[in-house]
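See below for the structure under consideration.
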Amino acid sequence: MHYGYFNGTIAPTDQLAVGVTDLSLLRGYGLFDYFLTYNGRPFQWDWYWERFQNSAMRMHLPLPLTKAETYAIVLELIEQSGGLDVGVRFILTGGYSSDSISIEKPNLLILTESIHATPVVQYEQGIKVILDEYVREMAEVKSTDYKRVILLAQAIRAAGASDVLYQKGGEISELSRSNFFLIKGNQLITPNRNILYGITRRTVIQLAQRDFDVVERPVLLSDLYDAEEAFTTSSTKKVLPITQVGDLTIGDGKVGPKAKFLLEQFDELIANW
40 MHYGYFNGTI APTDQLAVGV TDLSLLRGYG LFDYFLTYNG RPFQWDWYWE RFQNSAMRMH
100 LPLPLTKAET YAIVLELIEQ SGGLDVGVRF ILTGGYSSDS ISIEKPNLLI LTESIHATPV
160 VQYEQGIKVI LDEYVREMAE VKSTDYKRVI LLAQAIRAAG ASDVLYQKGG EISELSRSNF
220 FLIKGNQLIT PNRNILYGIT RRTVIQLAQR DFDVVERPVL LSDLYDAEEA FTTSSTKKVL
280 PITQVGDLTI GDGKVGPKAK FLLEQFDELI ANW
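Numbering (this note's numbering), first residue to last: 40 to 312.
Structural data, given as structure tokens:
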């Protein structure tokens with residue numbers, strides 16, 4: 040059983056409920072964040088809180104709890120989960136609104152969830168992604184608006200792909216729920232604008248600086264043609280190789296040694312977290 044927090048109450052998640060006049064339901068106005076625990080401790084807590092705080096500020100939603108208060112609740116929820124590692128989801132909504140449009144008092148939910156790990160075969164074979172001409176609105180904010188990828192779900196399945204890679208005017212930004220990297224020689228290249236600045240992305244950049252020349256810059260579709268390897272990063276994907284983008288095969292179409300190396304580095308970090 041998983042437990043959650045809602046406006047001062049801790050209870051099993053299936054007993055928590057948000058009222059129908061919340062702006063997240065009426066107007067789709069809300070944001071979230073998500074991280075995993077390793078060895079019973081939140082991963083990169085300081086960085087996740089910083090991003091959550093930044094998202095709330097940009098959406099003009101005052102946080103009802105301090106960082107220390109929130110951390111104490113997270114630890115209690117982890118303990119209630121029986122010692123297993125979990126996913127932790129923060130959801131900050133626009134709150135209940137008397138006129139259906141004005142922000143009055145945001146609602147905060149903190150939920151623990153089972154971790155849905157990426158299948159091992161995807162790390163061994165890599166994944167295919169399709170292209171879509173799109174840039175997320177307020178890309179630096181982890182909003183609850185994911186209708187684009189939901190609408191594309193059928194197209195993704197029909198192409199035998201696992202996800203979608205967004206680009207606009209030939210400039211690549213990100214996948215639907217993760218960041219994008221290319222490897223060319225000793226260069227590790229990742230987009231630096233129109234993206235959510237992922238915490239796994241930040242962690243991989245930090246790990247890679249010992250062995251790669253890390254370059255954060257605009258990445259073009261043309262960069263795909265001479266890329267040796269590509270991969271995506273997120274909490275659940277870690278470092279997941281991409282071997283095909285649309286009809287284009289990346290490198291020799293196989294999972295490359297450099298992505299494998301970075302995954303090993305990441306796995307070593309979380310094993311000792």
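For glycine and all other residues, C-beta sits at the position ideal for the given N, C-alpha and C.
- Per the DSSP secondary-structure output, Lys106 pairs with nothing in a beta bridge.
- Between Ile228 and Val203, the C-beta gap is not smaller than 8 Å, which leaves the two residues out of contact.
- If you look at Glu213, you'll find it in the beta strand (DSSP E) that goes 210 to 214.
- Taking C-beta separations shorter than 7 Å and ignoring five residues to either side along the sequence, the partners of Leu221 in its chain run Ile228, Val258, Asp262, Ala266, Ala269, following chain order.
- Burial check for Ile189: the Cβ neighbour count within 10 Å stays below 16, so the residue is exposed.
- Assignment of Val294 by DSSP, reduced to helix, strand and coil, places it in the coil class.
- Between the alpha carbons of Ser94 and Gly67 lies a gap of roughly 15 Å.
- Taking the C-beta atoms as reference points, Pro145 is found no nearer than 8 Å to Leu104.
- Around the beta carbon of Ser153, fewer than 16 other beta carbons sit within 10 angstroms, so the residue counts as exposed.
- Taking 8 Å as the cut-off, the beta carbon of Arg256 is found no closer than this to the beta carbon of Asn225.
- A straight line joining the alpha-carbon of Lys299 with that of Ser274 spans about 17 Å.
- Per DSSP, the unbroken alpha helix (DSSP H) holding Leu246 starts and ends at 238 to 247.
- The beta-carbon separation of Ile166 and Ser201, rounded to 4 Å, stays under the 8 Å limit for a contact.
- A direct Cα-to-Cα measurement between Pro280 and Ser217 gives close to 12 Å.
- In terms of CA proximity to Ile234, Glu179 leads the group Asp184, Ser215, Glu179, Gln248.
- Annotation for Asn93: no beta strand (DSSP E) segment contains it, though the alpha helix (DSSP H) segment containing it runs 84 to 97.
- The region 121 to 209 is shown to contain whole alpha helix (DSSP H) runs of 4 or more residues at 159 to 164, 186 to 190, 192 to 197, in chain order.
- Relative to Gly285, the option among Val159, Asp171, Asn78, Arg249 whose CA is nearest is Asp171.
- The beta carbon of Trp84 sits closer than 7 Å to the beta carbons of Tyr110 from its chain, once the five residues preceding and following it are set aside; these are given in chain order.
- Under DSSP, Gln226 shares a beta bridge with Lys223, Asp252.
- Using a C-beta cut-off of 8 Å, the region 55 to 65 makes contact with the region 130 to 141, since at least three inter-stretch Cβ pairs fall below that distance.
- Tyr162 counts as buried, since no fewer than 16 other beta carbons sit within 10 angstroms of its beta carbon.
- At the C-beta level, Lys223 and Tyr173 stay beyond 8 Å of one another.
- Scanning its chain for C-beta atoms nearer than 7 Å, with the 5 sequence neighbours on each side dropped, one finds around Leu75 the residues Phe82, Asp124, Gly126, Ile154, Ser274, in chain order.
- When secondary structure is reduced to three states using DSSP, Lys299 falls in the helix class.
- In this structure, DSSP gives Ala266 a state outside helix and strand, which the three-state scheme calls coil.
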